[in-house]
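Visitor: First the structure, which I've put down as structure tokens, then a few questions once you've had a look.
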Amino acid sequence: MIYLIISIIASVSVSILLKIAKKKKVNIAQAVAFNYPVAIILSFFLLQPDFSNFQFSQQSWLFAGLGILLPLIFIIMGMAVQKAGIVKADIAQRLSLILTLMVAFFFWNEAFTTQKLIGVGLAFVALLFILNKKSKSKSKASSSWLYLLLVWLGYGVIDLMFKLISKTSDNAFSTTLTLAFSVATLIIFAYLFLKNTKFNQASIIGGIILGVLNFTNIYTYIKAHQFLNESPSLVFTGMNLGVIVLGTMVGTIVFDEKLNRYNYIGILLAALAILLLFLQF
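The UniProt record's numbering puts the sequence shown at residues 1 to 281.
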């Protein structure tokens with residue numbers, strides 16, 4: 001259970017770092033760039049990817065896609081946290097799991113119970129309530145709404161791509177993750193160099209911290225599944241609910257993020273949806 005708790009804390013800590021980035025003069029794109037070399041090094045030491053029997057030719061398009069999407073969605077997540085807040089951004093990310101469930105149902109012929117269908121429906125309703133924002137500035141409200149929607153869609157697509165890879169190889173996850181980090185590093189640094197970016201110390205340090213937190217989240221989540229291998233639903237539910245609860249507490253108490261009654265209804269519906277999706281009643 002300690003691995004699950006650490007994973008939840010690390011996940012919310014990533015959002016906190018993205019939230020305070022602007023105040024600490026950390027450029028999000030630069031921080032995301034330096035996060036990946038750290039993640040690659042930690043992946044080699046802790047995940048120990050095996051490239052010997054890996055099917056590179058069949059999955060090259062997935063590496064390329066992940067290499068582009070990972071840094072892009074990470075940057076969008078940073079913008080969502082700054083414009084919409086930790087609470088909404090974290091929940092939008094967590095609710096992206098319903099995209100994977102829908103694809104599994106419609107295209108991979110996975111069985112769905114009535115309970116799961118209700119859970120998916122509630123998740124969509126929860127997303128609409130969470131996206132609700134009353135703002136004096138229509139442009140600000142629409143931009144935060146758009147970033148949250150992109151977070152939801154982006155993380156859903158990334159999860160789908162990892163699911164596709166896992167269906168083709170037993171050791172696919174750790175190997176693909178390391179390769180995706182490598183491709184992402186090349187792409188984002190190429191982009192920054194083409195823009196003649198002047199790197200600053202705060203962004204480099206922020207990127208290193210981001211890399212450690214991001215990888216800690218991934219690694220401890222994997223370890224939680226290994227230690228609770230007979231209760232995967234408990235890990236899924238605990239992780240998603242834990243991030244929603246802790247993210248809401250940090251966002252509202254520490255950063256004084258304002259939520260309206262529709263947002264609170266959305267948070268409750270999101271929690272209920274996750275319970276219905278991963279626990280059998």
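Glycine residues also receive a C-beta, built at the ideal position from the N, C-alpha and C atoms.
Determine the direct distance from the alpha carbon of Ala84 to that of Ile20, and round the result to whole angstroms.
Guide: Computed Cα separation, rounded: 13 Å.
Visitor: Lys22 to Asn200, Cα distance in whole Å?
Guide: Answer to the nearest angstrom: the Cα atoms are 13 Å apart.
Visitor: Helix, strand or coil: which one does DSSP assign to Ala111?
Guide: Of the three classes helix, strand and coil, the one that applies to Ala111 here is coil, per DSSP.
Visitor: What does a CB cutoff of less than 6 Å around Ile28 pick up in its chain, not counting 5 residues either side in sequence?
Guide: Cβ neighbours of Ile28 beyond the five flanking positions: Ala21, Ile75 and Gly78.
Visitor: Suppose contacts are defined by Cβ-Cβ distances below 7 Å. Is Val250 in contact with Ile86 by that definition?
Guide: In this structure, Ile86 lies closer than 7 Å to Val250 by Cβ.
Visitor: What is the DSSP secondary structure of Thr197, reduced to helix, strand or coil?
Guide: Three-state result, Thr197: coil.
Visitor: Comparing alpha-carbon positions, which option in Phe45, Ile165, Ala92 and Pro49 lies nearest Val151?
Guide: Cα-wise, what sits closest to Val151 is Ala92.
Visitor: Is any beta-carbon of chain C found at less than 7 Å from that of Gln201?
Guide: Note that chain C does not occur in the displayed structure, where there is just one protein chain.
Visitor: According to DSSP, simplified to helix, strand and coil, what is Gln226?
Guide: Looking at Gln226 - three-state DSSP - the assignment turns out to be helix.
Visitor: Excluding the 5 residues preceding and the 5 following Phe215 in the sequence, name in chain order all residues of the same chain whose CB lies nearer than 6 Å to its CB.
Guide: So the list reads Ala39 and Leu42, once near-sequence residues are dropped.
Visitor: Which value, in whole angstroms, describes the spacing of the CA atoms of Ile118 and Ala273?
Guide: Distance between the alpha carbons of Ile118 and Ala273 is about 8 Å.
Visitor: With DSSP run on the structure shown, which of helix, strand or coil describes Ala21?
Guide: Here Ala21 sits in coil by DSSP.
Visitor: From the DSSP output, in three-state form, read off Asn240 for me.
Guide: Helix.
Visitor: Once DSSP output is grouped into helix, strand and coil, what is the label at Asp159?
Guide: It is helical.
Visitor: Give the straight-line distance between the Cα atoms of Ile208 and Thr114, rounded to the nearest whole angstrom.
Guide: Roughly 45 Å between the two C-alpha positions.
Visitor: Pick from Met1, Met161, Ile6 and Val12: whose alpha carbon is nearest that of Leu246?
Guide: Considering only alpha carbons, the answer is Val12.
Visitor: Can you list the alpha helix (DSSP H) stretches of 4 or more residues lying completely in the stretch 20 to 92, in chain order?
Guide: Those alpha helix (DSSP H) runs which fall completely within the stretch 20 to 92 and span 4+ residues are 28 to 42 and 56 to 84.
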